[in-house]
Amino acid sequence: MKIATWNINGVKARIDSLRQWLTDSSPDIVCLQEIKSVDENFPRLEIEALGYHVETHGQKGFNGVALLSKTKPDEVMRGLPGGDGVDGPVDEQSRYIEGVFSVPSGAIRVASIYLPNGNPADDPVKYPYKLAWMERLRKHAQACLELEEPLILAGDYNVIPEPHDCFDPAAWATDALFLPQTRAAFRRLENLGLTDAVRATNDAIKLYSFWDYQAGAWQKNNGIRIDHLMLSPEAADRLKSTSIEKHTRAWEKPSDHVPVIGVFDFA
DNA sequence: ATGCCTAACAGGGTTAGA
């Protein structure tokens, strides 16, 4: 079973690429980020025509996440808990959608995550929002882990976990994606018992999932690894392999991110 | 080391991204 995450940077601008990639790679579940679309304008029919069920959590202009799946989810939850204004500020941004899917061995829980960027890091709002969002994610992950079921939290984390996950660590030293507080918050997720699927299966250097559109970053392989599949022990035990669909970055009108895939045996 | 690209929304410029 192939479960993928892809920040497509605009589903309407990327619909041809998305259809091509779905046809080529035939993932079972896809976690999309930055659909940049309201739910009503998501190109649902074009995706359904390829045999996928579509669940979206969009908003106008930017952000927005979705779940595409070959089987319909049994349950869907929109929004990361803790954003309703009861305990902390209301979160107006569409960055989280979670589904429960039936598999031969039971049920798996899969979330599409678009973690806040947080830059500029000295902004009075943006970086604190990122850190608060990470703490909300930690709390929710902790609650999910108590279910002791396969859990896949997949998405654009906007976190460079380690120095070797970027081309030039010095260039990212003061960036919200790589600040010590950001990395510490990511380690707190790992310390709950979540496994970084790519790093668990591939110790290659220069393993990236994002290359900036600017300054010839792709041509120079000046990338960063910020798209992650984080797994509960029950999911990590079933992980067979991972792959990064680097070839899509060379396509016409590419997203600046490429799909990251985990292959699981849930038989 | 931001704004060298890109997308969306608007409407030919601004916001946001990482």
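Using the working numbering, the letters of the first sequence map in sequence onto residues 25 to 291. Using N, Cα and C, we set each Cβ at its ideal position, and we do this for glycine too. These numbers come from a predicted model, not from an experiment.
Whether residue i touches residue j by CB criterion (8 Å)
i, j, result
"Gly107", "Val114", "yes"
"Asp251", "Ser233", "yes"
"Ala300", "Ile121", "The displayed coordinates of the chain run from 25 to 291. Any statement about residue 300 would go beyond what the structure contains."
CA nearest to the CA of residue i, picked from the options
i, options, result
"Val35", "Gly88, Asp52, Val149 and Gly240", "Gly88"
"Ala197", "Asn215, Ile248, Trp45 and Tyr181", "Ile248"
"Asn33", "Glu58, Asp227, Ser50 and Met25", "Glu58"
"Ala156", "Gly142, Leu74 and Cys168", "Gly142"
"Val110", "Arg160, Lys150, Arg119 and Ala73", "Arg160"
"Ser118", "Asp98, His81, Ser256 and Asn226", "His81"
Classification of residue i by the beta-carbon crowding that lies within 10 angstroms, buried from 16 upward
i, result
"Asp220", "buried"
"Ala291", "exposed"
"Gln243", "exposed"
"Ala259", "buried"
"Arg273", "buried"
"Val24", "A question about residue 24 goes unanswered here, because the residues of the chain that appear run from 25 up to 291."
"His271", "exposed"
"Tyr237", "exposed"
"Ala165", "buried"
"Asp98", "exposed"
Presumed contact (8 Å Cβ cut-off) between residue i and residue j, rounded CB distance
i, j, result
"Val78", "Phe66", "7 Å"
"Ala178", "Ala209", "About 18 Å separates the two Cβ atoms, so there is no contact after all."
"Arg212", "Arg162", "6 Å"
Residue i CB to nearest heavy atom of the ligand COA below 7 Å
i, result
"Glu122", "Questions concerning the ligand COA fall outside what the structure shown contains, since it holds no ligand whatsoever."
Complete beta strand (DSSP E) runs within the stretch 155 to 243 (minimum length 3 residues, chain order)
If one requires a minimum length of 3 residues, the beta strand (DSSP E) runs lying completely within the stretch 155 to 243 are 175 to 180, in chain order.
My parser needs the beta strand (DSSP E) runs of 3 or more residues fully inside the stretch 63 to 132; what are they?
Runs found: 77 to 81, 89 to 93, 99 to 102 and 120 to 127.
Could you name each continuous beta strand (DSSP E) segment of 3 residues or more that falls completely within the stretch 36 to 64, going from the start of the chain to the end?
Look at the stretch 36 to 64 and you find these whole runs of beta strand (DSSP E), each 3 residues long or longer: 53 to 57.
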